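Trainee: Sharing a structure below in structure tokens format, with a few things to ask.
Protein chains: 2
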Amino acid sequence: MTTTTIPEVVVLRLPLYVRVLAALEGRGQGVVSSQELGTLLHATPAQIRKDLSYFGRFGKQGRGYQVSNLLKELRHIMGIDREWSVVLVGVGQLGSAILTYGGFAPQGFNILAAFDADPSKHGAAIGNVLVQDIAQIKSEAQRLGVHIGIVAVPVSHCQRVVDLLVDCGIRAILNYAPYQPTTPPGVWVRDIDPVVALQSMTYHLKTAEDQW
Amino acid sequence: MTTTTIPEVVVLRLPLYVRVLAALEGRGQGVVSSQELGTLLHATPAQIRKDLSYFGRFGKQGRGYQVSNLLKELRHIMGIDREWSVVLVGVGQLGSAILTYGGFAPQGFNILAAFDADPSKHGAAIGNVLVQDIAQIKSEAQRLGVHIGIVAVPVSHCQRVVDLLVDCGIRAILNYAPYQPTTPPGVWVRDIDPVVALQSMTYHLKTAEDQW
DNA sequence: GCTTGTGAAGACCTTCACAGCA
DNA sequence: TGCTGTGAAGGTCTTCACAAGC
Numbered sequence: 017m018t019t020t021t022i023p024e025v026v027v028l029r030l031p032l033y034v035r036v037l038a039a040l041e042g043r044g045q046g047v048v049s050s051q052e053l054g055t056l057l058h059a060t061p062a063q064i065r066k067d068l069s070y071f072g073r074f075g076k077q078g079r080g081y082q083v084s085n086l087l088k089e090l091r092h093i094m095g096i097d098r099e100w101s102v103v104l105v106g107v108g109q110l111g112s113a114i115l116t117y118g119g120f121a122p123q124g125f126n127i128l129a130a131f132d133a134d135p136s137k138h139g140a141a142i143g144n145v146l147v148q149d150i151a152q153i154k155s156e157a158q159r160l161g162v163h164i165g166i167v168a169v170p171v172s173h174c175q176r177v178v179d180l181l182v183d184c185g186i187r188a189i190l191n192y193a194p195y196q197p198t199t200p201p202g203v204w205v206r207d208i209d210p211v212v213a214l215q216s217m218t219y220h221l222k223t224a225e226d227q228w
Numbered sequence: 017m018t019t020t021t022i023p024e025v026v027v028l029r030l031p032l033y034v035r036v037l038a039a040l041e042g043r044g045q046g047v048v049s050s051q052e053l054g055t056l057l058h059a060t061p062a063q064i065r066k067d068l069s070y071f072g073r074f075g076k077q078g079r080g081y082q083v084s085n086l087l088k089e090l091r092h093i094m095g096i097d098r099e100w101s102v103v104l105v106g107v108g109q110l111g112s113a114i115l116t117y118g119g120f121a122p123q124g125f126n127i128l129a130a131f132d133a134d135p136s137k138h139g140a141a142i143g144n145v146l147v148q149d150i151a152q153i154k155s156e157a158q159r160l161g162v163h164i165g166i167v168a169v170p171v172s173h174c175q176r177v178v179d180l181l182v183d184c185g186i187r188a189i190l191n192y193a194p195y196q197p198t199t200p201p202g203v204w205v206r207d208i209d210p211v212v213a214l215q216s217m218t219y220h221l222k223t224a225e226d227q228w
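Chains A and B supply the protein sequences, listed in that same order. Going by this note's numbering, the first residue of the first sequence is number 17, and it counts up by one from there. Going by this note's numbering, the first residue of the second sequence is number 17, and it counts up by one from there.
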């Protein structure tokens, strides 16, 4: 295996691999084949093997992959064998729900601070986190050594907030606003929009209905 | 244009087209070129034109696309020029947040009922919706003519709940559990997992760091 | 002149199929 | 024998480039 650029689709699948491997490990399974992984991931065995081959040779012919070992390797490759510091911007209904959601910390994503423009929210504590003035974000982000930003503001503020996060040196942004912000090269954005997800399914529902 | 199977990637982009077109319409813009749409969508003009060409010829040479007309057409194609009936399963912290989230109804997705297995939650009203016993779901789903299910239950219950929804005749599922359920052909699932989204970015953060 | 719609070319991703090894 | 790792083949999606039309 020579180092090549990894296709982005592969990077998007890696977390799913980790997710099922962790489940297998939790269940006490020691070894898994590309065939079985394929079934669990709704993918072909060839795709599993090809994807993994971008990063190394983790399997043994005739046996398969050792679950705990492959899991450890993938966690390292993805950089999730460490903790990441996160800030949230926008402490409305959605932002508050994110702060109280317990799913981030166990995976190593620690939301250390939250920011909002509304002064009436400053000083409040929501799920262990203090809400601060957005004006403080740059100094706080640098003090805390923040890597990742979560954006939960209205569409109209999204681009401005993203620009601000980028200015703070943040290079990875999880965006809950229904808007695709523009960012400079080297900044990564993932959008979460349940409405968009629903709308891409209604196309199929409608098409199935139209079928005679 | 002859009727071809539409690539799934195109279907996934359609909602984004609608989103920016709606913004342009709200701003009072009458006409838009593939060039400008491309900028707003972070896509090439050629891709915009090719995508749209799967569905018809909506533009005028030398001018571009009439915003309100294209918007209307796309909404019809996607089946979002109508209302859809939705049920939610799992009224925990996440499920409650979904019920009180105001973003679905304005887009025509009406959450009509919610279900949970925990009897202590039955009868509660959260955001206009009554929480009912999961045992009632089939009769209620049929009575209400439900099209779409939202799953907000723990991983351990996800597959069982999805099976149940499919049994209710539901063919589109928005899944918030960190697990990819298995479904029969003709059933559409979209997964929302912010942790997976974050993890696919840490790969890049780590890789950028490793660069010397 | 400007911009669409679209075959053809090119890039990218997936699947095949088999050599190689446990 | 069973399963991986991987070049090569195949398929899909994106981009090019230009004829056609406003």
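Heads up, the beta-carbon is just placed ideally off N, CA and C, and yes, glycines get one too. Being a predicted model, the structure only gives us computed values, none of them experimental.
(1) Just reading off the alpha helix (DSSP H) that Asp226 of chain A is part of, what are its end residues?
(2) Based on the DSSP output, what are the partners of Ser101 of chain B in its beta bridges?
(3) Can you list the beta strand (DSSP E) stretches of 3 or more residues lying completely in the segment 133-214 of chain A, in chain order?
(4) Give me, in chain order, the residues of the same chain whose beta-carbon lies closer than 8 Å to that of Gln152 of chain A; leave out the 5 immediate sequence neighbours on both sides.
(5) What's the C-alpha gap between Lys222 of chain A and Gly72 of chain A?
(6) Count the C-beta pairs between the segment 83-91 of chain B and the segment 111-122 of chain B that are closer than 8 Å, then say yes if the count reaches three, no if not.
(7) Are the segment 49-61 of chain B and the segment 204-211 of chain A touching by the rule of at least three beta carbon pairs closer than 8 Å?
(8) Any residues in the segment 20-36 of chain B with a beta carbon nearer than 9 Å to a beta carbon of chain A? Which ones, in chain order?
(9) Buried or exposed: which applies to Arg79 of chain A, given that a residue is buried once 16 or more other Cβ atoms fall within 10 Å of its Cβ?
(10) Would you verify that the beta carbon of Ser101 of chain B is, or is not, closer than 9 Å to some beta carbon of chain A?
(11) Measuring straight from C-alpha to C-alpha, what distance separates Lys154 of chain A and Ile96 of chain A?
(12) Using a Cβ-Cβ cutoff of less than 6 Å, which residues in the same chain neighbour Gly161 of chain A once the five nearest sequence positions on both sides are dropped?
(13) Can you list, in chain order, the stretches of the alpha helix (DSSP H) that have 4 or more residues and sit fully within the segment 37-115 of chain B?
(14) Can you list the residues of chain B that Phe131 of chain A reaches, using a CB-CB cut of under 7 Å?
(15) Can you find a CB in chain A that lies within less than 9 Å of the CB of Arg187 of chain B?
(16) Name the chain B residues that come within less than 8 Å of Ala224 of chain A, Cβ to Cβ?
(17) What whole-angstrom Cβ distance do Val169 of chain A and Val177 of chain A have, given they're in contact under 8 Å?
(18) Val105 of chain A and Val25 of chain A look like a contact to me (Cβ under 8 Å); what is the Cβ gap, rounded to whole Å?
(19) To the nearest whole angstrom, what separates the beta carbons of Val212 of chain B and Leu32 of chain A, a pair I think is in contact under 8 Å?
(20) To which residues of the same chain is Ile22 of chain A closer than 6 Å at the C-beta, ignoring the five residues directly before and after it?
(21) Could you name the residues of the segment 57-84 of chain B whose beta carbon sits closer than 8 Å to any beta carbon of chain A, in the order they occur along the chain?
(22) What do you get for Val171 of chain A, buried or exposed, if any count of 16 or more other CB atoms within 10 angstroms of its CB means buried?
(23) Less than 9 Å between CB atoms is the rule here; does Ile208 of chain A satisfy it with respect to chain B?
(24) DSSP puts Phe131 of chain A in a beta bridge; with which residues?
(25) Could you work out which residues of chain A lie near Ala113 of chain B, taking near to mean beta carbons separated by less than 7 Å?
(26) Residues of chain B with CB under 8 Å from Gly119 of chain A, in chain order?
Mentor: In short:
(1) Position 210 of the first sequence, counted from the start, is the residue given in the question as residue 226 of chain A. First-last of the alpha helix (DSSP H) with Asp226 of chain A: 210-226.
(2) In the second sequence, residue 101 of chain B corresponds to position 85, counting from 1. Looking at the DSSP assignment, Ser101 of chain B forms a beta bridge with B:Asn126.
(3) 145-149, 164-167, 188-191, 204-207
(4) As a first step, residue 152 of chain A is located in the first sequence; it is residue number 136 there, counting from the start. Once the five neighbours on either side are set aside, the close Cβ partners of Gln152 of chain A are Phe131.
(5) Residue mapping note: residue 222 of chain A aligns to position 206 of the first sequence, counting from 1. Residue mapping note: residue 72 of chain A aligns to position 56 of the first sequence, counting from 1. Computed Cα separation, rounded: 44 Å.
(6) no
(7) no
(8) Ile22, Glu24, Val27, Leu28, Arg29, Leu30, Pro31, Leu32, Val34, Arg35, Val36
(9) Working through the first sequence from its first residue, we reach residue 79 of chain A at position 63. By the 10 Å Cβ count, Arg79 of chain A comes out exposed.
(10) Working through the second sequence from its first residue, we reach residue 101 of chain B at position 85. For Ser101 of chain B, the answer is no, since every Cβ of chain A falls outside 9 Å of its Cβ.
(11) To locate residue 154 of chain A, count along the first sequence from 1; it is residue 138. To locate residue 96 of chain A, count along the first sequence from 1; it is residue 80. Approximately 25 Å, taken between the alpha carbons.
(12) If you number the first sequence from 1, residue 161 of chain A lands on position 145. Within the same chain, Gly161 of chain A has close Cβ partners Ser101.
(13) 50-57, 61-69, 83-94
(14) Translated into positions along the first sequence, residue 131 of chain A becomes position 115. Those do not exist, as Phe131 of chain A stays about 18 Å from chain B at its closest Cβ, beyond 7 Å.
(15) Counted from its first residue, the second sequence places residue 187 of chain B at position 171. For Arg187 of chain B, the answer is yes, since a Cβ of chain A falls inside 9 Å of its Cβ.
(16) Against the first sequence, residue 224 of chain A aligns to sequence position 208. Arg187, Gly202, listed in chain order.
(17) Locating residue 169 of chain A in the first sequence gives position 153, counting from the first residue. Locating residue 177 of chain A in the first sequence gives position 161, counting from the first residue. So it is a contact: roughly 5 Å between Cβ atoms.
(18) For the purposes of this step, residue 105 of chain A is taken as the residue at position 89 of the first sequence. For the purposes of this step, residue 25 of chain A is taken as the residue at position 9 of the first sequence. Contact doesn't hold; Cβ gap of about 29 Å is too wide.
(19) Taking the first residue of the second sequence as 1, we reach residue 212 of chain B at position 196. Taking the first residue of the first sequence as 1, we reach residue 32 of chain A at position 16. The Cβ separation is near 7 Å, so the contact holds.
(20) Walking along the first sequence from the start, residue 22 of chain A turns up at place 6. Hits under 6 Å: Tyr70.
(21) Leu57, His58
(22) Start at 1 with the first residue of the first sequence, and residue 171 of chain A comes out as number 155. When all chains shown are included, Val171 of chain A counts as exposed.
(23) Here residue 208 of chain A is taken as the residue at index 192 of the first sequence, counted from 1. True, the Cβ-Cβ gap to chain B drops below 9 Å.
(24) What you label residue 131 of chain A is simply residue 115 of the first sequence in a count that begins at 1. According to DSSP, Phe131 of chain A bridges with A:Val105, A:Gln148.
(25) Numbered from its first residue, the second sequence carries residue 113 of chain B at position 97. Chain A residues near Ala113 of chain B: Ala113.
(26) Here residue 119 of chain A corresponds to residue number 103 of the first sequence, with the count starting at 1. Residues of chain B passing the Cβ test: Pro194, Pro210, Val211.
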